[in-house]
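Have a look at the structure below, then the notes.
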Amino acid sequence: MSDKASKDSAGDNREASEAKPIGDGSGGGGSGRAREHRDSESSTDPQHRDQAQAASQPDDRRSPRSPRFVNPEQQFGRSPDVYVTLEKLMEAQEAFNNLVLAHEVATNDNFRFEPPATSASEASSAASSGGAAAAAAAVSAASPEELERRVRETMHRAFWDMLTENLAKQPPDYSQAVTLIGEIKTILLSLLPNNERARQQIEEVLDLELIRQKVEHGAFDINYYSNYVLDLMGKMCAPARDEAIRACAAIQEPVALFRELFRLLDLMKLDMANFTMQQMRPYIRQQAVTYEREKFEQLLASQAAVGVDGLRRTRAWLSESAAALPAAERTPSRVVSEALLRLVDWRQSRPQPEADWWPETLVMDAQKLVGIRDRLAQLHCVCACVLLAMGALGQRLPEDRRPAFKARATAAAAAVLADCPADRLDSAAAGLADTLAKSAESADYRVNDKECQLLTAQLADLPVHAAARLLHSRLMDFLREGLQDLQARQVRLPTGYSAVEAELAQVAGAFLRLCAHNRAVFGQLYDKLLMPDGRAGQAAEGQESRGEEQGCN
Numbered sequence: 001m002s003d004k005a006s007k008d009s010a011g012d013n014r015e016a017s018e019a020k021p022i023g024d025g026s027g028g029g030g031s032g033r034a035r036e037h038r039d040s041e042s043s044t045d046p047q048h049r050d051q052a053q054a055a056s057q058p059d060d061r062r063s064p065r066s067p068r069f070v071n072p073e074q075q076f077g078r079s080p081d082v083y084v085t086l087e088k089l090m091e092a093q094e095a096f097n098n099l100v101l102a103h104e105v106a107t108n109d110n111f112r113f114e115p116p117a118t119s120a121s122e123a124s125s126a127a128s129s130g131g132a133a134a135a136a137a138a139v140s141a142a143s144p145e146e147l148e149r150r151v152r153e154t155m156h157r158a159f160w161d162m163l164t165e166n167l168a169k170q171p172p173d174y175s176q177a178v179t180l181i182g183e184i185k186t187i188l189l190s191l192l193p194n195n196e197r198a199r200q201q202i203e204e205v206l207d208l209e210l211i212r213q214k215v216e217h218g219a220f221d222i223n224y225y226s227n228y229v230l231d232l233m234g235k236m237c238a239p240a241r242d243e244a245i246r247a248c249a250a251i252q253e254p255v256a257l258f259r260e261l262f263r264l265l266d267l268m269k270l271d272m273a274n275f276t277m278q279q280m281r282p283y284i285r286q287q288a289v290t291y292e293r294e295k296f297e298q299l300l301a302s303q304a305a306v307g308v309d310g311l312r313r314t315r316a317w318l319s320e321s322a323a324a325l326p327a328a329e330r331t332p333s334r335v336v337s338e339a340l341l342r343l344v345d346w347r348q349s350r351p352q353p354e355a356d357w358w359p360e361t362l363v364m365d366a367q368k369l370v371g372i373r374d375r376l377a378q379l380h381c382v383c384a385c386v387l388l389a390m391g392a393l394g395q396r397l398p399e400d401r402r403p404a405f406k407a408r409a410t411a412a413a414a415a416v417l418a419d420c421p422a423d424r425l426d427s428a429a430a431g432l433a434d435t436l437a438k439s440a441e442s443a444d445y446r447v448n449d450k451e452c453q454l455l456t457a458q459l460a461d462l463p464v465h466a467a468a469r470l471l472h473s474r475l476m477d478f479l480r481e482g483l484q485d486l487q488a489r490q491v492r493l494p495t496g497y498s499a500v501e502a503e504l505a506q507v508a509g510a511f512l513r514l515c516a517h518n519r520a521v522f523g524q525l526y527d528k529l530l531m532p533d534g535r536a537g538q539a540a541e542g543q544e545s546r547g548e549e550q551g552c553n
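Each residue of the sequence shown is one higher than the one before, counting from 1 in UniProt numbering.
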């Protein structure tokens with residue numbers, strides 16, 4: 001078949017959208033005049049004209065090696081570009097940070113602001129022991145948080161070194177020290193927002209203009225100002241900081257004194273923030289449901305503005321749960337309960353908190369849920385091992401010695417499995433036979449080789465052992481019952497978990513409280529996703545009221 005080359009026309013959209021046969025490339029390097037000559041020949045030669053018409057007609061008999069080329073952008077249209085400003089991104093991040101903070105304060109009684117971890121000695125020792133190459137390798141392998149910490153420590157060290165050099169000059173250069181006094185003054189004023197008398201005294205004593213005049217006339221006494229600041233900090237700080245204040249007062253070197261002052265002021269700011277948060281916690285809990293719902297809606301709106309579906313993973317999560325239930329049981333309440341339960345069922349394959357899988361409505365609780373899941377798996381594994389040990393060894397003990405053996409076996413299994421992640425529990429349990437046998441021997445029972453081999457075989461088959469599967473089913477039913485009735489004040493613990501009943505009650509309570517709060521905030525949203533026609537609105541309101549009551553308790 002003769003080639004028919006297309007004429008160069010970059011600005012003609014009509015010709016660019018026409019499908020043209022791809023040639024064999026034999027004339028690709030020719031000049032424009034040669035192409036015009038071939039075009040004129042093909043247009044006047046009847047044979048060539050017939051072949052060109054045949055090539056332009058669709059024919060199933062054409063060789064698959066000569067497909068028609070159609071640009072997908074020309075056929076379907078190009079997706080419009082989506083632009084987002086840095087301001088929008090920062091607003092979305094700020095909204096999410098506020099949402100996380102309110103959620104933590106409302107759901108975690110132990111939540112506190114903590115100072116950032118610093119270990120300057122480790123960084124300096126690594127650099128000195130390994131040299132520049134080792135330090136560079138350590139930096140390249142460090143996490144972003146670790147890299148940020150090292151950069152911050154390096155900048156701080158350079159700052160204090162500069163202050164040391166300035167104070168060592170003759171005469172001393174106090175300009176940097178005066179700036180630091182100004183920062184100390186600002187921090188002290190922020191810690192006393194309502195004490196007008198103390199604020200007025202701070203303004204008078206730490207008057208920067210007066211301090212600069214003293215520096216110019218050689219009348220500046222750095223010890224006078226440090227003693228005043230330390231005395232004021234001693235009156236303001238919590239009793240737990242008194243010892244640190246006294247230690248700081250004993251420092252004579254100015255640079256070291258300034259460093260310790262700023263460290264203590266940072267701790268005092270954290271103390272004040274934690275105290276304020278503790279006082280506001282009851283109010284925050286009362287308003288948390290409404291606040292979180294509003295902030296989450298704002299976050300969804302920010303994502304929708306840049307073309308992002310903020311509920312993609314939540315839809316997939318609910319759909320997966322609904323598909324696992326019989327059609328007759330797919331009510332919104334049941335679907336959400338099963339979806340929440342599957343998050344802590346270690347026999348379901350679930351990723352870690354940092355994985356891009358978690359539903360958007362549970363991202364803030366991913367770390368907690370993974371911890372609950374792993375702890376439930378550990379408690380289940382301990383009870384399963386103890387149950388098998390009681391069956392293989394405990395029955396041969398006198399009845400009065402069985403409780404002691406059970407307690408020792410529980411403690412031994414818990415110690416071995418305490419720090420083991422859920423995906424490694426089965427392999428760790430397989431090596432517990434000797435440990436459990438020693439527990440029996442401590443109860444004056446000699447374990448023979450046959451009994452030890454039997455227990456080893458049973459522990460090796462723990463994932464599929466009937467006793468372990470029964471314990472797993474009972475635990476899931478226990479949690480399912482709690483999810484279905486979040487108002488229940490008393491729920492009977494599952495049979496077979498008496499050895500760990502106190503810790504199981506604590507872990508299950510933490511899980512149910514998280515679920516109650518989540519349903520109170522997102523119950524209406526779940527109903528809209530599961531039943532878009534709105535028939536489940538009443539159920540959502542019921543879940544919300546129960547969740548609010550549970551959260552307040």
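C-beta atoms are modelled at their ideal positions from N, C-alpha and C, and glycine is treated no differently. Owing to the predicted nature of the structure, the values given are computational and were not obtained by experimental measurement.
Secondary structure of residue i, DSSP reduced to three states
i	result
Lys-269	helix
Cys-420	coil
Lys-450	helix
Thr-107	helix
Ala-133	Residue confidence is low: Ala-133 scores 49 on pLDDT, short of 50, so the model does not pin down where it sits. Its coordinate-derived value is still stated next. Note: Ala-133 maps to helix in three-state DSSP.
Cys-237	coil
Glu-297	helix
Gln-490	coil
Ala-389	helix
Thr-154	helix
Pro-326	coil
Arg-375	helix
Ser-56	Since pLDDT at Ser-56 reaches only 48, below the 50 mark, its modelled position is unreliable, and no value is offered.
Ala-219	coil
Met-531	coil
Buried versus exposed, by CB contacts within 10 Å (16 or more), residue i
i	result
Gly-391	exposed
Gly-523	buried
Glu-114	exposed
Gln-458	buried
Arg-150	buried
Tyr-283	exposed
Thr-361	buried
Val-521	buried
Phe-275	exposed
His-217	exposed
Tyr-225	buried
Ser-143	exposed
Which listed residue (the options) has its alpha carbon closest to that of residue i
i	options	result
Gly-371	Phe-478, Leu-493 and Val-507	Val-507
Val-464	Cys-385, Glu-360 and Leu-479	Cys-385
Leu-387	Val-289, Pro-403 and Thr-154	Pro-403
Met-268	Ala-288, Ala-238 and Arg-281	Ala-238
Met-236	Met-272, Ala-219 and Glu-94	Met-272
Asp-356	Thr-314, Cys-248, Ala-468 and Asp-461	Thr-314
Val-306	Glu-87, Met-531 and Leu-530	Glu-87
Leu-514	Thr-107, Pro-398 and Asn-98	Thr-107
Leu-454	Tyr-225, Asn-98, Leu-167 and Ala-433	Ala-433
Glu-297	Leu-529, Leu-525, Met-531 and Leu-530	Leu-525
Tyr-291	Lys-214, Asn-98 and Gln-278	Asn-98
Asp-263	Phe-220, Ala-240, Arg-342 and Cys-248	Contrary to the premise, residue 263 reads as Arg rather than Asp in this sequence. The candidate whose alpha carbon is nearest that of Arg-263 is Cys-248.
Leu-393	Met-162, Ala-168 and Thr-435	Thr-435
Phe-478	Leu-512, Glu-451, Glu-165 and Cys-452	Leu-512
Pro-116	Arg-396, Asp-207 and Glu-146	Glu-146
Leu-208	Leu-369, Arg-152, Gln-176 and Asp-231	Gln-176
Cutoff 7 Å: residue i Cβ touching any chain D Cβ
i	result
Gln-170	Considering every chain present, this structure includes no chain D. It has just one protein chain.
Contacts around residue i, its chain only, beta-carbon distance under 6 Å, and the 5 residues preceding and following it disregarded
i	result
Gln-75	Interpretation of Gln-75 is limited by its pLDDT of 42, a score under 50 that renders its predicted location unreliable; no figure is taken from the coordinates.
Met-364	Val-100 and His-103
Asp-242	none
Leu-265	Ile-187
Ala-414	Val-382
Cut-off 8 Å between Cβ atoms - residues of its own chain near residue i, not counting five sequence neighbours on either side
i	result
Ala-323	none
Arg-212	Val-178
Asp-345	Arg-373 and Met-476
Ala-505	Leu-493
Leu-462	Cys-381, Ala-384, Cys-385, Leu-388, Asp-426, Ala-429, Ala-430 and Ala-468
Exercise. Can you find at least 3 beta carbon pairs, one from the region 367 to 384 and one from the region 420 to 437, that sit closer than 8 Å?
Worked result: Short answer: they touch.
Exercise. Quick one: any contact between the region 312 to 325 and the region 333 to 343, if contact means 3 or more CB pairs under 8 Å?
Worked result: Result yes; three or more Cβ-Cβ pairs closer than 8 Å.
For this session: Count the C-beta pairs between the region 471 to 481 and the region 397 to 407 that are closer than 8 Å, then say yes if the count reaches three, no if not.
Result: Contact between the region 471 to 481 and the region 397 to 407 is absent, because fewer than three Cβ pairs lie under 8 Å.
Exercise. Are three or more beta carbon pairs between the region 199 to 216 and the region 176 to 191 nearer than 8 Å?
Worked result: Using a Cβ-Cβ distance cut-off of 8 Å, the region 199 to 216 and the region 176 to 191 are in contact, since at least three pairs of beta carbons, one from each stretch, lie closer than that value.
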